[in-house]
Each structure stands twice: as structure tokens, then as C-alpha cells.
Amino acid sequence: MHAQRASVRTGFARTGGDGRRTRLTVVPARRVHLREVLAALRPRDRAELEALGPRGATTEAARAFALSPMRWAVLRGGRCVALFGARPYPGLSWVSGPSGPSGVAAPWLFGTPELDAEGRALARLGPLFAARMRAAWPCLVNMIHAPALAERPATARWLARCGFAVAARPAPLGRDGAPFHPFINHPLTRAIPETP
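Everything in the sequence shown is counted per the working numbering, starting at 113 for the first residue and increasing by one.
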């Protein structure tokens, strides 16, 4: 298992409707955070997880969480608004890198609707945590649901800021061949066509 720091205070404070200032904090994720996010999962995250397979969004999210040696919770005022992490990439154990056959991982992120208000913080934090993941796995690769990318085109820019190249054309994946755009962070990403 890869070591994680206990907590990261981000400096992103906000005054809420009640007049209280709350700070965004990133902490190692626990099951209580998973339960909190799954109870209020963003519709586009639920749709993406549902499109992956017959197990359903809750099971897919819990599986990613359980298989991830690196995972964090994003807290605003003590409430979990997002979870993210990385797990060894399924089906690519034959790919070898500097850290052996486990040199490939799949980063993931899902959250509650409150996550959408954290764009500025995510723009700053995403690259920092992507670098932590790359320190453990030299190649990070995953797919993003095409409808989610169409709904929020800024996601492709955020992924690029985190060092990922997003494929312009979606590929079929999961249940019923749903369209997903591959994204990758690896020195070979120069070969991937421009982002959509």
C-alpha cells in the first residue's frame, strides 16, 4: 500500500449562507466518506457508473474504492463532497513499467452536487494529486463517459491541467457499449488525437 499524508488543508475557505467560513480539506478516505457520497451521488457520476456494467453505480463505486490503495475524501465544512483515488488498472497487468507489472493505474473521482461549486479548488488540487498518483504508477489511464464530457466540456481542460490527454473520439465500453473517451497520462500520450 502506498503511504498517504494524514490531511491536506487547502486554504480554500468560503463563507456559507449561514455566515460561517468553512475550509476545504483533503483527508485519507474512509468507508464513512463513501457512504456519505453514495447517498447523494451527482446524477452524471451515477450515470457513468451505471453505464460501466450490470452491478450498478453503488457497487461500481464501492469496488473502485475498495481496490484503491490511494484514495482521498474532499471535505467542505466536515461534509464529504467528493472521493477520488487510483487503483491498479484491471486487464493491463501485462504492461510493465519502472515499477513492474503494476505500473498502470486507473484514477477515478465521483462526488455530490456540492462538488460542482469547487471548480477553483479542483483546478489547483487536481494536478498535485495526479502527481502523487504518478509517483506510484508511471501510467494513469481511464475513461470518461461521453455524455458527462459533453455536459461539462471544462472537464477535458481540467484533465489536461492534471497532465492527461483525452481522446477526441469515444470508444464503446461497459454495458451496451456506452461511449467513453479514454484519457491517459504517460509519455506516449503525444500519439493520442486532440481533446474534444
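The beta carbon of each residue, even a glycine, is placed where N, CA and C say it ideally should be.
These figures come from a predicted structure and were not determined experimentally.
Helix, strand or coil at residue i according to DSSP, with G and I counted as helix
| i | result |
| --- | --- |
| Ala290 | strand |
| Trp270 | helix |
| Gly197 | strand |
| Ala151 | coil |
| Arg156 | helix |
| Pro210 | Any answer about Pro210 is weak, because its pLDDT of 42 lies below 50 and its placement is not dependable; what the coordinates show is given next. Three-state DSSP puts Pro210 in coil, outside helix and strand. |
| Phe222 | strand |
| Met113 | Residue placement at Met113 is poorly supported in this model, since its pLDDT is 44, which falls under 50; the coordinates still yield a value, given next. Three-state DSSP puts Met113 in coil, outside helix and strand. |
| Ala217 | strand |
| Pro239 | helix |
| Leu161 | helix |
| Ala167 | One detail in the question is off: residue 167 reads as Arg in this sequence, not Ala. Arg167 falls in the coil class under three-state DSSP. |
| Ala141 | coil |
| Arg264 | coil |
Euclidean distance between Cα positions of residue i and residue j
| i | j | result |
| --- | --- | --- |
| Ala151 | Thr170 | 9 Å |
| Asp228 | Gly215 | 31 Å |
| Arg273 | Glu230 | 16 Å |
| Pro264 | Arg135 | Per the sequence presented here, residue 264 reads as Arg, with Pro not at that position. Distance between the alpha carbons of Arg264 and Arg135: 25 Å. |
| Leu146 | Arg236 | 23 Å |
| Glu226 | Val149 | 10 Å |
| Val253 | Gly275 | 11 Å |
| Val139 | Cys192 | 10 Å |
| Arg232 | Leu240 | 14 Å |
| Ala262 | Phe196 | 21 Å |
| Gly212 | Ala173 | Here Gly212 scores only 46 on pLDDT, less than 50, and its place in the model should not be relied on; the value that follows carries that caveat. In a straight line, the C-alpha of Gly212 is about 27 Å away from that of Ala173. |
| Ala279 | Ala268 | 10 Å |
| Ala178 | Arg281 | 30 Å |
| Leu285 | Tyr201 | 15 Å |
| Ala266 | Leu234 | 12 Å |
Cβ-Cβ distance between residue i and residue j below 9 Å
| i | j | result |
| --- | --- | --- |
| Leu153 | Ala290 | no |
| Ser180 | Ala198 | yes |
| Arg156 | Pro259 | yes |
| Gly223 | Trp270 | no |
| His293 | Ile256 | yes |
| Phe295 | Ala277 | yes |
| Ala141 | Arg183 | yes |
| Ala217 | Ala247 | no |
| Pro219 | Ala242 | yes |
For residue i: DSSP bridge partner residues
| i | result |
| --- | --- |
| Met255 | Pro294 |
| Ala283 | Phe292 |
| Val278 | Phe295 |
| Leu227 | None, per the DSSP bridge assignment. |
Kindly confirm or deny that the region 186–193 and the region 158–165 touch, where touching means at least three C-beta pairs closer than 8 Å. no
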